[in-house]
Amino acid sequence: MSIVKIHRRMCFATRPSALPRRRKFILGAAMAALAAAWPWGPASAARPLPLPLDPASAHAVGRRYLDLAPEEADRSHLLKLLRLPDPRLQAWPERDDLLRHLGALRDREFFSGDSVLIDGWVLSRGEARICALYCL
Amino acid sequence: MAGFCPAAKLGFAPCIVSDGWGVFVFKDFREFENGALIDADLCIIGAGAAGISMARRLAGGKRRVLLVESGDVTPDLAVQALFEGDVVGQPWEPLDIGRLRFFGGSTNHWGGHCRPLDPIDFEARPWVPYSGWPITKADLDPYYVEAQKVVELGPYEYDPEKFDDLKEKILPFNPERLRQRMWQDSPPTNFAIAYGDELKEAPTVEVLLNANVMEIVAAENGAAIEAVRIRTLEGKQGTIRPRTVVLACGGIENVRILLVSDGVHKNGLGNGHDLVGRFFADHPHALCAMGVPMIDIHRLDAYFSNFTYLDGLGIYIKPGIPVELQRKLRILNGAFDVGYGYDRASGFLALRDIGKALFAKRLLPDIGAAVMRVVSDLDGTAEGLYRYIRKEDVFWFAANFEQTPNPDSRITLGDKCDALGMRRLVLNWQFSPLDKLSVRAGLKILGEELARLKVARLRIDDWITADETTWEDVNDRAHPMGTTRMADDPKYGVVDRNCRVHGVANLYIAGSSVFPTSGYANPTLTIVALALRLADHLGEDNHA
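These protein sequences, in sequence, are chains X and H.
Residue numbering for the first sequence follows the numbering used here, starting at 254 and increasing by one per position.
Residue numbering for the second sequence follows the numbering used here, starting at 712 and increasing by one per position.
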């Protein structure tokens, strides 16, 4: 009985409530896919900003992030923090360059511990800022 | 096959039991005359990992060692029921379940997972109240080396980077943020099976079974122990007259025996500062985060799978918090367990273990039991296989952290009595805010590193961030520790650095109850190391 008991402790129960969140939270491949599909802000040219999440989740994450950091609720300011040009003033990077830049930013932020918890998810601050841009 | 030696030749009737394990010739107190007086140089109370390790160490020396065990060589429900008690506070399994009350003690069912404490576990850390041992890791290292052999482990090396075969299993974490912590797996060594015959043959060691300790009797001035009163379930009584006593009944029962021994010390032996029973700690185990893999979940097995066989040695690796980061963030020491969604079935786990052993061209220890688990859990095995093949699922993290020493987490005597008339215990397991804060901080670091390495994205369970004190679905690991803690100052400890009870010249304590801090490592290896150290200390002539 005891051996089984100990091994049962190594087995973790399924958490069905978490699975729907997982289906909404698609990373990696979704970044490239969404980059081609979603425009960024109604006032922009059709230069997509890759989202780390599906749009509904990105909007929710963005809102939650701006609740935590209301001082960042400004598109120009967020672009500056993301080290991105203002597309109204400068040329917007090509898609591959953009992905590389944001990926490198994300890696640096994780390396240095610059992350935020949004609904329990550990996101880099840049990912949260991208989502914040999406909902402004 | 069983039989008895001629009683006339030996003056008493020894108990010979053989059930395929071996033949032990021990003394059975039930065969003694009522009121028997038994003399011994050293009386060790409790034949578990600590008691047996000490008896073996001292065998053949100058002292006659009497190893006293409440139970027999096989379990008995009536004896086991003597462990019953009440659990209040945080849930802990019933007191008569996790511990075993027969020869070999809890080594009859332990999991075999071994790791020494870390050096920082011995330090007095300003951010961890009541932390600090009066000895250092370096003091214990020579005994850890010997303890490795006792529990049949490999070399005393716990840095996975020192093993070439493990390199592919090591994630390239930023070492300033996470380090790989390694465990070695004992077969697991059943001390009764492994060492019963040896103790039978040992000329200066006698094992006395079915002898329940009712009280350790102090001299009138309270400064020394004069006797140990024992009793069978059937009511036969006797007295041991030892020159020295070692209490080695485990982190819970050590408390009980001290507290009921109140003939001279009215609050119990060693309890002049109301410390006996306090600072109860275990390793709280609770699921705390979900990982969504960014790579093939089967590849994750290479990093996080348990029970990897390396030259016949079971090993597993967990991500842990480096010392420098603990100091910087002022958090506790800890690591994280990893499991997979499809791993919840006992049968599937067993099948996986069999498969891994075969792949490593090794025979799984106790393969019979593993096969039985598969057969008895066919549904679970089938479901686990299905999900494994489909590469489904998320994986889960559970915290494996030490606890903050907490004086309010304690064991006390209750009002109910057992069949011997001895008061039962009440366990009130409590946590501290730093326990949860440390897990939360550790999870954030884990999430950052897993994302940076593009292995997984982490979602931390809501209960972790909800407040400072609530733990959800927490289990214990049956690692009771800290209840007769070690400290040079009797105001902060029950025993001194040599495990001698403060104020009592010839009473010592062995086992996890002397740990001032719990670390995150499973305690058995440290229990054995401390027992060997105590045996060496008692082996010195000036402790007769």
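Even for Gly, the Cβ is constructed at its ideal location relative to N, Cα and C.
Excluding the five sequence neighbours on either side, which residues of its own chain have a C-beta within less than 6 angstroms of the C-beta of I749(H), listed in chain order? I951
Separation of L1249(H) from I371(X), as counted between CA atoms: Roughly 57 angstroms separates the two Cα atoms.
G1002(H) versus V1166(H), Y1014(H) and G823(H), residue with shortest Cα-Cα distance: V1166(H)
Q1037(H) lies in the beta strand (DSSP E); which residues open and close that run? Note, Q1037(H): premise wrong, no beta strand (DSSP E); alpha helix (DSSP H) at V1034 to L1040.
Mind checking the segment 368-379 of chain X against chain H and listing, in chain order, the residues whose C-beta falls within less than 9 angstroms of any C-beta there? Flagged, chain order: S368, L370, D372, G373, W374, V375, L376 and S377.
Using a Cβ-Cβ distance cut-off of 9 angstroms, determine whether K1155(H) contacts chain X. yes
Take the Cβ of D1187(H) as the centre, count every other Cβ of all protein chains shown within 10 Å, and call the residue buried at 16 or more, exposed below. buried
Between the C-alpha atoms of F1059(H) and Q1141(H), what's the straight-line distance to the nearest angstrom? Whole-angstrom Cα-Cα distance: 34 angstroms.
What residues from chain H crowd round G366(X), counting only those whose CB sits closer than 8 angstroms? R888, K1155, I1156 and E1159
Is there a Cβ of chain X sitting closer than 9 angstroms to that of W732(H), yes or no? Model confidence at W732(H) stands at a pLDDT of 35, short of 50, so the residue's coordinates are unreliable and nothing is read from them.
Buried or exposed: which applies to H994(H), given that a residue is buried once 16 or more other Cβ atoms fall within 10 Å of its Cβ? buried
Host alpha helix (DSSP H) of N965(H) (start-end): G961 to V971
Residues that DSSP places opposite A938(H) in a beta bridge: Beta-bridge partners assigned by DSSP to A938(H): V928(H).
Given a threshold of 16 other Cβ atoms within 10 Å of its Cβ, counted over all protein chains shown, does E1251(H) qualify as buried or as exposed? exposed
Secondary structure of M1083(H), DSSP reduced to three states: helix
Tell me, please, whether the CB atom of A992(H) is closer than 9 angstroms to any CB atom in chain X? no
Cβ shell of N745(H) (< 7 angstroms), same chain only, five flanking positions each side left out: Spatial neighbours of N745(H) in its own chain (CB-CB distance under 7 angstroms, excluding positions within 5 residues in sequence) are listed in chain order as K947 and Q948.
DSSP three-state call for C999(H): helix, strand or coil? Shown here, C999(H) sits in a strand according to DSSP, grouped into three states.
I'd like to know whether the C-beta atoms of V1185(H) and F1106(H) end up nearer to each other than 9 angstroms. no
Would you mind stating whether L1154(H) and A1189(H) have Cβ atoms separated by less than 9 angstroms? no
Give the DSSP-derived three-state secondary structure of C825(H) in the structure shown. strand
For S368(X), list the residues DSSP reports as bridge partners. S377(X)
Is L1236(H) close to chain X, meaning its C-beta is less than 9 angstroms from at least one C-beta of that chain? Not a single CB atom of chain X sits nearer than 9 angstroms to the CB of L1236(H).
Look up G1031(H) in the DSSP assignment and say whether it is helix, strand or coil. strand
At a CB-CB cut-off below 8 angstroms, which residues of chain H make contact with D250(X)? Any property of residue 250(X) remains undetermined from this structure, which presents chain X solely from 254 to 389.
Inter-residue spacing [alpha-carbon to alpha-carbon] between F991(H) and D1129(H): 22 angstroms
Closer than 6 angstroms by C-beta to I1175(H): which residues in its own chain qualify, once you throw out the five before and the five after it? Chain order, please. C999 and R1151
Inside the segment 764-813 of chain H only - alpha helix (DSSP H) runs reaching at least 4 residues: 788-791
At a cut of 8 angstroms, does the segment 922-935 of chain H reach the segment 896-913 of chain H through at least three beta carbon pairs? no
Would you give the residue range spanned by the alpha helix (DSSP H) that Y854(H) belongs to? K848 to V861
If you draw a straight line from the alpha carbon of P1033(H) to that of K333(X), how long is it in whole angstroms? 34 angstroms
Identify every residue that forms a DSSP beta bridge with A992(H). M1192(H)
State the Cα-Cα distance for the pair V987(H) and K977(H), rounded to the nearest angstrom. 13 angstroms
Between A745(H) and chain X, is there a C-beta pair that is closer than 9 angstroms? Reading off the sequence shown, one finds Asn at residue 745(H), where the question assumed Ala. No, N745(H) does not count as interfacial toward chain X.
Mind pulling the chain X residues with CB within less than 7 angstroms of N885(H)? F364
Looking at the unbroken alpha helix (DSSP H) that takes in V1150(H), where does it start and where does it end? P1144 to R1163
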